[in-house]
Each structure stands twice: as structure tokens, then as C-alpha cells.
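Structure record follows, encoded as C-alpha cells.
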Amino acid sequence: MAKPLVIYHGSNCLDGFGSAYAAWRHFALNQAVEAEYLPASHGDPLPEVADRDVYLLDFSYKRPLLRDLCAAARHVVILDHHVTAQEDLEGLDREFDNLELVFDMQRSGAVITWEYFHSAPVPRLLACVQDRDLWQWKLPESADVTAALMAHPYEFDLWHGFIESGHGVEVLATEGQAINRYRKQQIASYKRRAVMGQIAGYTVPIVNAPSDIRSELLGELAQGQPFAAGYSDTGHKRGWSLRARDGGEDVAKIAARFGGGGHAKAAGFATDLPTDLLTVEP
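Residues 30 to 311 (the numbering used here) are what the sequence shown spells out, left to right.
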């Protein structure tokens with residue numbers, strides 16, 4: 030039988046990797062099954078899935094691609110919490126009896142995946158990841174823990190060590206305190222670089238900013254605005270992040286107009302850049 034394929038939200042997403050970790054712990058440690066793990070983003074082509082069990086974690090393809098995936102795969106499980114994906118895939122499990130859909134807007138992808146595969150309580154580290162991903166900030170250490178996690182390689186063995194050591198969360202929280210002091214300085218600097226621009230008819234703050242401070246930065250810029258937008262370029266693609274505050278616009282609906290998705294207060298999409306952008310002549 031072909032290896033199970035685990036497709037998870039990439040782009041250095043803590044919740045996506047936390048979802049992959051929960052699956053890895055199930056397959057590699059509990060079942061002694063070798064699976065393939067593939068980070069993915071919207072716009073990526075479908076991998077080879079013929080006759081494979083496929084798990085999509087904190088991520089889903091758009092409906093047309095998912096139809097192709099279900100037609101080829103043996104079994105497909107989607108564990109996600111993005112409202113745009115739920116709306117896009119509504120009823121698809123009635124078309125394909127090999128498709129299992131699990132959506133829950135009250136949990137993050139990592140916690141949904143953990144509770145799908147495991148009966149044990151959710152590890153504190155994954156609870157911190159959820160706290161940040163849902164922007165709840167109910168756990169006092171989650172801001173520092175997740176800041177430290179972003180400074181480490183995204184490796185299953187490393188995360189497993191943090192979770193199983195008994196004091197990994199405390200170590201990460203101590204590391205994260207220093208990191209967050211620096212990040213606060215960076216956020217203040219990048220706030221001054223924001224300019225007002227137009228996105229989907231809305232006049233909003235826009236800033237070119239690195240991904241590791243973008244959520245917090247945009248959260249501050251969105252205060253008193255319909256939303257705020259940040260971007261960064263990779264090759265000929267520009268990745269956009271949108272954040273809104275209470276009373277702001279539903280950015281999931283705005284991102285969906287550009288082929289993206291997400292949540293009401295946090296969403297994203299990608300646009301193409303001119304092909305000559307990387308050609309510079311005197």
C-alpha cells in the first residue's frame with residue numbers, strides 16, 4: 030500500500046506545522062507507519078495521490094482541485110477551521126463517499142488534528158499555538174512560546190522534545206521574552222513605513238513586512254480601519270495578509286475575491302507580479 034500523504038498548511042505557519050506534528054506523532058510513533066509530509070499553499074499543483082490515503086490539515090484545495098484529488102485518492106480527510114474552505118466545500122462529501130470533512134471554527138488546525146488522532150489531552154505547546162492562531166491570548170505564556178517556536182527549525186523531533194521534556198514550554202517562554210522585546214521594536218519601526226492604499230475598494234494601511242511580525246503589526250495598524258494589509262514577495266508571487274479588528278470588515282470575504290481565504294479577522298491571498306520585475310537594467 031502507498032504511504033499516507035499528509036498535506037498541511039506551509040508558509041512557516043505554526044498551526045499548520047502543529048497539525049503535521051500531531052499526524053506525525055500518530056503515524057510514526059503510535060502506528061510505526063511511514064507517511065509523506067508535504068507543506069502546501071494556495072496555488073500549488075496537486076501532488077500524486079493515486080490510491081493513497083490523503084490528509085489535508087489546516088489547509089484545503091479549492092473545490093475543482095479537490096474533486097480531482099478525491100477522484101484519484103483512496104481516502105481523503107480534511108481537518109480544517111477556515112470558514113472560506115468550509116463554504117467552498119459544502120456538500121462535496123455527498124459527491125464523494127471517500128471524503129471526510131471535519132471543520133470547527135472554535136479550534137485551530139493543530140488541536141483539531143490532535144483530537145482527531147489522539148485521545149490524550151492536548152499538549153500545552155499545541156494549546157499555545159491555538160491561542161495565537163485564533164488570536165485569543167487566553168494563555169499567559171502563549172505569546173512568548175510561539176515567538177520562540179518561530180525562531181527554531183520546523184522539525185518534528187524538535188517539537189516532540191519540547192512537548193515531552195516536561196519543561197519545554199517553560200524553556201520556550203523564557204526564550205520568547207527576549208525575542209518579543211526585539212519584535213516590539215521591529216513592529217514600531219514597520220508601523221512607520223505603512224502607507225494608505227486601495228484593496229478591493231477599501232482605503233487601508235498597507236505595509237511590506239516580514240512574516241514573523243506581520244500578524245501583530247497588522248493587528249495594530251487595523252485599529253480604527255476597515256482592515257490592514259501586509260505583503261512580501263517570493264519570486265513572481267506577492268503574498269498578502271489581511272487583518273481586521275472588532276467592527277472591521279470580514280477579510281475572509283475580501284481574500285476570497287482574490288482566490289484566497291481564511292477567517293473573518295485574518296485571511297490571505299496571493300497575486301502575480303510582472304515577469305520583468307527581477308530584470309534590472311541601468
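Quick reminder that beta carbons are idealized off the backbone N, C-alpha and C, glycines included.
Keep in mind the model is a prediction, meaning the values are calculated, not measured.
In chain order, 109, 115 place their CB closer than 6 Å to the CB of residue 132, counting only its own chain and leaving out the 5 sequence neighbours on each side. As the crow flies, the alpha-carbon of residue 92 is around 15 Å from that of residue 126.
For residue 154, the enclosing alpha helix (DSSP H) has its first and last residue at 153 to 162. By the Cβ-count criterion, residue 177 is buried, with 16 or more other Cβ atoms from all chains shown falling within 10 Å of its own Cβ.
Judged by DSSP in its simplified three-state form, residue 59 adopts helix. The C-beta of residue 306 has fewer than 16 other C-beta atoms within 10 Å across all chains shown, which makes the residue exposed. Where residue 76 is concerned, there is no enclosing alpha helix (DSSP H), because DSSP gives it neither an H nor an E. For the pair residue 267 and residue 280, the CB atoms are not nearer than the 9 Å cut-off.
Under the three-state reduction of DSSP output, residue 142 falls in the helix class. Taking a C-beta distance under 9 Å as the contact criterion, residue 299 and residue 70 qualify as a contact pair. Sorting 43, 278, 107, 78 by C-alpha distance to the C-alpha of residue 293 places 278 at the top. Restricting attention to 282, 276, 102, the CA atom closest to the CA of residue 253 is found in 276. Inter-segment contact for the segment 234 to 244 and the segment 192 to 204 is absent: fewer than three beta-carbon pairs are separated by less than 8 Å. Linking residue 165 to residue 209 through their CA atoms gives a straight-line distance of about 18 Å.
Residues 272 of the same chain have their beta carbon placed closer than 6 Å to that of residue 295, with the five preceding and five following residues left out of the count. Between residue 287 and residue 195, the alpha-carbon positions lie close to 44 Å from each other. When DSSP states are grouped into helix, strand and coil, residue 167 belongs to the coil group. Between residue 160 and residue 168, the C-beta gap is smaller than 9 Å, which places the two residues in contact. Burial state of residue 174 is buried, judged by a 10 Å Cβ sphere holding 16 or more other Cβ atoms.
Between the alpha carbons of residue 99 and residue 220 lies a gap of roughly 44 Å. For residue 46, same chain residues with a beta-carbon under 6 Å away, outside a window of 5 residues either side, are 183 in chain order. With distances taken between CA atoms, residue 148 lies nearest to 54 out of 78, 171, 54.
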